[in-house]
Amino acid sequence: MSPDDILEIASGACLVLGAAFVVIGALGLLRFPDLFARVHAASLIDTLGIGFLALGMGLHAGWSQVSLKLGFIVALVGLTSPVATHALAQAALHAGERPVLRSDRRDEGPLP
Amino acid sequence: MIIANLPALQVVVPLVAAPLCAIFRAGHRPWRITLAASWAAFACAVALMRRVLDEGTVSYMLGGWEAPLGIEYRIDTLNAFVLLVVTGVGAVIVPYAKRSVESEIQPDRRGWFYTMFLLCLAGLLGVTITGDAFNIFVFLEISSLSSYVLIALGRDRRALVASYQYLIMGTIGATFIVIGIGLLWTMTGTLNLADLASRVRTMEGAPSVLSALAFLTVGISLKLALFPLHLWLPNAYASAPSTASAFLAGTATKVAIYLFFRFFFTVFGGENFVSKTPIPEMFLVLSLCAMFVAATVAVFQEDVKRMLAYSSVAQIGYITLGISLGTQTALAGSIVHLLNHAIMKAGLFLLVGCMVFRVRGFRVEDLAGIGHRMPLTMGAFTLLGLSMLGVPGTVGFVSKWYLGVAAADLGQWWLVGFIMLSSLITMLYMGRIVEVAYFRVPSGAAATATEAPAGLLVPGLVLAGASLWFGLDTSFSLGLANRAAAALVAGVF
Amino acid sequence: MTGVTSESIVLFVNTALLLLMCAAALGVVRLRNLFAVVMLGGVYSFLMASLMVALDAVDVGMTETAVGAGISVVLMLSVLGLTKTREAAPRHRPLVALVVSAVVAVSLLYASGDLPPFGDPAAPAHQHVAPEYLARAPVETGAPNIVTAVLASYRGYDTLGETAVILTGGIGVLVLLLGARRRRGGVRQGGAGESPEGTGAPMLRDTVILRVGAKILLPFILLFALYVQFHGDFGPGGGFQAGVAAATGVVLYALVFGVASAQRVAPVRVVLVMVPLGVLIYAGTGLAGMLAGGNYLDYSVLAHDPVHGQHWGIFAVESGVFVTVSGTMLAIFYAFAGRRQAREEEGAGR
Amino acid sequence: MNVVLAHLNAYVAVFLMVTGLFTVVNRGNLIKKLVGLSIFQTSVYLLYLSPGKIIGGTAPIIADRYEIYSNPLPHVLILTAIVVGVATLALGLALVVRIQEAYGSIEEDDVHRQSAPGEARQGGANGGEAP
């Protein structure tokens, strides 16, 4: 197996992993009970999902302008995603949204 | 250099003047810029017409790129004629705008009003002059967006709703046109109208081309307020400021009709393609509906501007009637009616604007006895009203005569009867205003009204004079219309 | 990669995005909470932009992201702040709408049977005009990005019209929203009426994290705008995308630090001049070509070497587009934001 | 490639177009109408861009590595169309804001209901005109 093949396999693995994180994040977005938990799930997409996808693509592209741009994208998302998540949660809290706690849910019945 | 670049200057002069108005917004400067630009545009149109008459079709390559790659300006008699109509109406209206805008528009918005006016003019000219299908859409949108704004600046809050309605309908219409152009492009790869014409005619009966024709037809019909799609027009024209009503009524629908001529006859080749579809029959029915239903609705209007707006819908019916007949005489009648209706309707709106300026009311009753207080205004109004009826010696007669002759040539005498019958309905609504104006005792503001200031009155009088002039000396207008119609029937561009 | 897999990947991505777009569009129609509608509309635009990239229309994708998912959403949200956020239950019977829609659908489906299949290199649209652009544009204009070459030079006149459309829309919004409430302070043209109080309040909740995040981001957004502007000959981008990006930077600043602070950076007076100025630059470049002896918008005559002339001409018109677009986007944003402040002051005054 | 996939883009464009048009005609909320109008307009982008794609081609930015490029012409046209779309949207939204201020509502029915009786009072009475 040549180094190129290893790189290809690593790149593919990263892509699959990234895609898996995106799917998990999306599932969480659908299934979690309240906005705050959902925001948490969504952040998985922005950090691990995009991180692994970019890494996978970067490995595929090698040391080139493309990798540099991918780095920029990861840095941008790394900066904006937490800020946006924070602003969203803050706004929700301000608008009267409250986290659903385990104690609240007991009243409705057992957890699914 | 100016002569060689005339086609570009025709559009670029108002297009450059518009942002200038937006930068120099204070005082009378926007109006002066507008005046200079609109008269320069008229001069360009006159010079262009001379060139077309001397040399035949004028072609101008924008950016110096040859035709299918770059955008071409292509002017034949029909274009040049419509350019003359549009710039002519613009040149007459701008002097009127000064006082009218001062009385109707807030001071801090006047500069922008003129910007919008010039953009509308540039857009209409761009649509008319261009030989490129997509360029039509771009300039159509310039004129549409600016006319939405012009209408929204109207007298009361209903102007906003009218403008919104027009925006929705206009955008749907424009999008339909883009869909049609897109289908044509997909099937041919070109956007140049002349190039399209040569390619489309070999694809007779192809579903995509037929569908493109259908979309273009519906889209343009929305823009020109063909009968069942006219609902935006009365509200829009009734609530717009006087200047904008007169300008739009005189020009906007005319340019849309020009697009019909261009697409039906030049691109699709009328005889070979359009006449094999149900479009001519459909147009015949819709034109007759417009002539009768819209005119009847006009009779019952209380608002004078709204009455004139419905009358516009009816008058558009005459023009589309000519298209549906499709013979050279009928087309000449339609083309000459473009000019005639522009003169009449712009003139009527201007004169109503004069009366409104004095009596501050829009209802027919508000004009009671105004004929005695404002004899010149009402005299000109009556003259234009007679022209609408088609009294011999006025422009209205010329176009109706031509349409009648065309119908008779085809052996459709019943159509001649219908045309005369519709004149009767026109008499009902025009007569109503004239009756109120001359035979009622003045009351309210009308009792103390005097003639409007010269700046407002003269443009209306000029148009009334033009309706007499072109009614008596038809060699100019009919000569050009016949030439243009012959080219259309032959499918030459 | 072999042709077969490449084709199946293209088809897969294409199909997936199309189906997602259908779902988003259905959601937009069915939902009655207008906030949700607007956000879903943003999602729809973003899907559209991704699809555009998949269809090789990178410039268009970039624009759609900036416009559809960016500016449009911001505008819609600011209007929702001024109106209400819930749609009333529809009272019309959908008969008319159904008939209209059905007629359109049938006539387009009728046409589609005739259209060339997806991705077919033998389609008529690829045989005429387009191959000439691809062959000649790099040689004649020196711009490897054919879209830029066609946009700014071959069909540069369309783009002049497009810039005029932006001018029309921008001034239209200004006419409708500025100066209509004469008694109010708030954002006024000329900057004369900028009241010290009231305009300072940021539209987003005031938090340190937002401020710091925005401050870090801002220079990069502006840098990106410049990159997009000047790299447009070689990669995706150009005056329009750059103008929107630059305006977005200032809008972000206004959202976080308040409109008044943003207006110190980009004063209303300057913005109002920028809107028409860009069109003048564009049209002026065309006139320069005319004065130099060419046709209108002919750049080849602007320098001794035609390719150089084209280069300068494209540069000049792209700058014009940038000035008008960034100015207009800001002016529109200021107009909507100023309306909101006027409303708030009015509410406070009662 | 089967028949459905070969024309899928056109079918979806038609679907989006119809969805948008239906929203514009059927819904009474002025903002919702504008959203529908946007969808209607964006469907056209699809109609133009899809025939421009060549399978195996790449974005029309000339480079030594590639030989087949997708058609650049629709890209240019749609750039213009997007700009027209956003200008229309901005203008429409500005009108909606003004209508809200003038009528206190952005529902078409409310606005029309207020318009009808208000007309006589405001000087321009409305005759027997179709709605």
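Residue numbers (our numbering), protein chains in the order written: chain F, 6 to 117; chain W, 300 to 792; chain V, 269 to 618; chain P, 13 to 143. Glycine included, every Cβ here is placed at the ideal spot set by N, Cα and C.
Less than 6 Å between C-beta atoms, sequence neighbours within five positions excluded: which residues of the same chain meet that for L420 of chain W?
Here residue 420 of chain W is taken as the residue at index 121 of the second sequence, counted from 1. Once the five neighbours on either side are set aside, the close Cβ partners of L420 of chain W are P313, G389.
So, is D76 of chain P buried or exposed, given that buried needs 16 or more other C-beta atoms within 10 angstroms?
Counted from its first residue, the fourth sequence places residue 76 of chain P at position 64. Under this definition D76 of chain P is an exposed residue.
Can you confirm whether T270 of chain W, when its beta carbon is compared against all beta carbons of chain P, has any partner nearer than 9 Å?
Lying before the first or after the last residue shown, residue 270 of chain W is absent from chain W, which here runs from 300 to 792.
Any residues in the segment 418–440 of chain V with a beta carbon nearer than 8 Å to a beta carbon of chain W? Which ones, in chain order?
S421, Y422, R423, G424, Y425, D426, L428, G429, E430, A432, V433, L435, T436, G437, I439, G440
Could you run through the segment 492–504 of chain V and flag, in chain order, every residue whose CB is less than 7 Å away from some CB of chain F?
none
Between T52 of chain F and chain V, is there a C-beta pair that is closer than 9 Å?
Stepping through the first sequence from its first residue, residue 52 of chain F is reached at position 47. T52 of chain F does not count as touching chain V.
Output yes or no for whether 9 Å exceeds the beta carbon distance between G67 of chain F and L12 of chain F.
Here residue 67 of chain F refers to the residue found at position 62 of the first sequence. Here residue 12 of chain F refers to the residue found at position 7 of the first sequence. Contact flag set, yes.
In DSSP terms, what N413 of chain V is bridged to
Here residue 413 of chain V refers to the residue found at position 145 when the third sequence is read from its first residue. In the DSSP output, where bridge partners are listed per residue, N413 of chain V has P:I73.
Are G796 of chain W and G472 of chain W touching if we call contact CB-CB under 9 Å?
A question about residue 796 of chain W goes unanswered here, because the residues of chain W that appear run from 300 up to 792.
Locate the beta strand (DSSP E) running through S265 of chain W, then write down its first and last residues.
Because chain W in this structure spans residues 300 to 792, residue 265 of chain W falls outside the shown range and cannot be described.
Do three or more CB pairs link the segment 13–32 of chain P to the segment 58–68 of chain P at distances below 8 Å?
yes
Is there at least one Cβ from chain V nearer than 9 Å to H87 of chain P's Cβ?
Position 75 of the fourth sequence, counted from the first residue, corresponds to residue 87 of chain P. Yes, contact with chain V.
Spell out whether any CB of chain V is found under 9 Å from the CB atom of H124 of chain P.
By one-based count along the fourth sequence, residue 124 of chain P stands at place 112. Not one chain V Cβ lies under 9 Å of H124 of chain P.
Count the other CB atoms within 10 Å of the CB of Y422 of chain V; is the residue buried (16 or more) or exposed (fewer)?
Indexing the third sequence from 1 puts residue 422 of chain V at position 154. Its Cβ being crowded by 16 or more others within 10 Å, Y422 of chain V is buried.
Need the endpoints of the beta strand (DSSP E) that R373 of chain W sits in, please.
If you number the second sequence from 1, residue 373 of chain W lands on position 74. First-last of the beta strand (DSSP E) with R373 of chain W: 371–374.
V357 of chain W (DSSP reduced to helix, strand or coil):
Translated into positions along the second sequence, residue 357 of chain W becomes position 58. Note: V357 of chain W maps to strand in three-state DSSP.
Within its chain, find whatever has a CB closer than 6 Å to the CB of S541 of chain W; leave out the 5 residues flanking it on each side and keep chain order.
Taking the first residue of the second sequence as position 1, residue 541 of chain W is located at position 242. Only S399, G652 meet the Cβ criterion.
Would you mind sorting Y78 of chain P into buried or exposed? The rule is 16 or more other CB atoms within 10 Å of its CB.
Here the question's residue 78 of chain P lines up with position 66 in the fourth sequence. Exposed, since its Cβ has fewer than 16 Cβ neighbours within 10 Å.
On the DSSP bridge assignment, give the partners of N491 of chain W in chain order.
Here residue 491 of chain W is taken as the residue at index 192 of the second sequence, counted from 1. In DSSP, N491 of chain W forms a bridge with W:D431.
Taking its Cβ as the centre, do 16 or more other Cβ atoms sit within 10 Å of G430 of chain W, making it buried, or is it exposed?
For the purposes of this step, residue 430 of chain W is taken as the residue at position 131 of the second sequence. G430 of chain W should be labelled buried.
Kindly list, in the order they appear in chain V, the residues whose Cβ is closer than 9 Å to that of H91 of chain F.
Along the first sequence, one-based indexing puts residue 91 of chain F at 86. The contacting residues are T475, I477, L478, G481.
Could you give the distance in angstroms between the alpha-carbon of L107 of chain P and the alpha-carbon of D121 of chain P?
Taking the fourth sequence and counting its residues from 1, one reaches residue 107 of chain P at position 95. Taking the fourth sequence and counting its residues from 1, one reaches residue 121 of chain P at position 109. So the two alpha carbons sit approximately 16 Å from each other.
Whose C-alpha, out of W:K397, W:L587, W:A316, W:G355, is nearest the C-alpha of W713 of chain W?
Numbered from its first residue, the second sequence carries residue 713 of chain W at position 414. It is W:L587.
Taking N83 of chain P as part of the alpha helix (DSSP H), name the residues at either end of that continuous run.
In the fourth sequence, counting from the first residue as 1, residue 83 of chain P sits at position 71. Premise fails: N83 of chain P is in no alpha helix (DSSP H) and is neither H nor E.
Applying the criterion that 16 or more other CB atoms from any shown protein chain within 10 Å of the CB defines a buried residue, is N301 of chain V buried or exposed?
As a first step, residue 301 of chain V is located in the third sequence; it is residue number 33 there, counting from the start. Exposed, by the Cβ-count rule.
Does the CB of I289 of chain V have a neighbour CB from chain P at under 9 Å?
Looking up residue 289 of chain V in the third sequence gives position 21. Residue identity check: residue 289 of chain V is Met in the sequence provided, not Ile. Judged by the 9 Å Cβ criterion, M289 of chain V is in contact with chain P.
Can you find a C-beta in chain V that's less than 9 Å from the C-beta of L490 of chain W?
As a first step, residue 490 of chain W must be located in the second sequence, where it is residue number 191. Chain V, which has a Cβ nearer than 9 Å to the Cβ of L490 of chain W, makes this yes.
Let's test the definition: count the other Cβ atoms within 10 Å of the Cβ of Q531 of chain V and tell me whether it reaches 16, buried, or not, exposed.
Position 263 of the third sequence holds residue 531 of chain V. Buried, because 16 or more other Cβ atoms sit within 10 Å of the Cβ of Q531 of chain V.
Within a Cβ cutoff of 8 Å, which residues of the same chain sit near L509 of chain W, ignoring the five residues on either side of it in sequence?
Start at 1 with the first residue of the second sequence, and residue 509 of chain W comes out as number 210. Cβ within range, chain order: T576.
Boundaries (first-last residue) of the alpha helix (DSSP H) holding F57 of chain F:
Mapped onto the first sequence, residue 57 of chain F falls at position 52. Taken as a continuous stretch (DSSP letters only), the alpha helix (DSSP H) holding F57 of chain F covers 55–66.
Listing by chain order, which chain V residues have their CB less than 7 Å from the CB of Y78 of chain P?
Here residue 78 of chain P corresponds to residue number 66 of the fourth sequence, with the count starting at 1. Correct list: empty, because the minimum Cβ distance to chain V is about 11 Å.
Interface partners of A99 of chain P on chain W, CB under 7 Å
Translated into the one-based positions of the fourth sequence, residue 99 of chain P becomes position 87. Here the neighbours are L444.
Going by DSSP, what residue range makes up the alpha helix (DSSP H) through M590 of chain W?
Locating residue 590 of chain W in the second sequence gives position 291, where the first residue counts as 1. That residue, M590 of chain W, is in no alpha helix (DSSP H); it is neither H nor E in DSSP.
Within the continuous alpha helix (DSSP H) that includes G387 of chain V, where are the two ends?
Taking the third sequence and counting its residues from 1, one reaches residue 387 of chain V at position 119. First-last for G387 of chain V: undefined, no H or E at that position.
Rounded to whole angstroms, what's the CA-CA distance from T596 of chain V to L435 of chain V? Just pull it up for me.
Locating residue 596 of chain V in the third sequence gives position 328, where the first residue counts as 1. Locating residue 435 of chain V in the third sequence gives position 167, where the first residue counts as 1. About 7 Å.
May I have the straight-line CA-CA distance separating K74 of chain F from L286 of chain V, to the nearest angstrom?
As a position in the first sequence, residue 74 of chain F is number 69, starting the count at 1. As a position in the third sequence, residue 286 of chain V is number 18, starting the count at 1. Cα to Cα, the separation comes out at about 27 Å.
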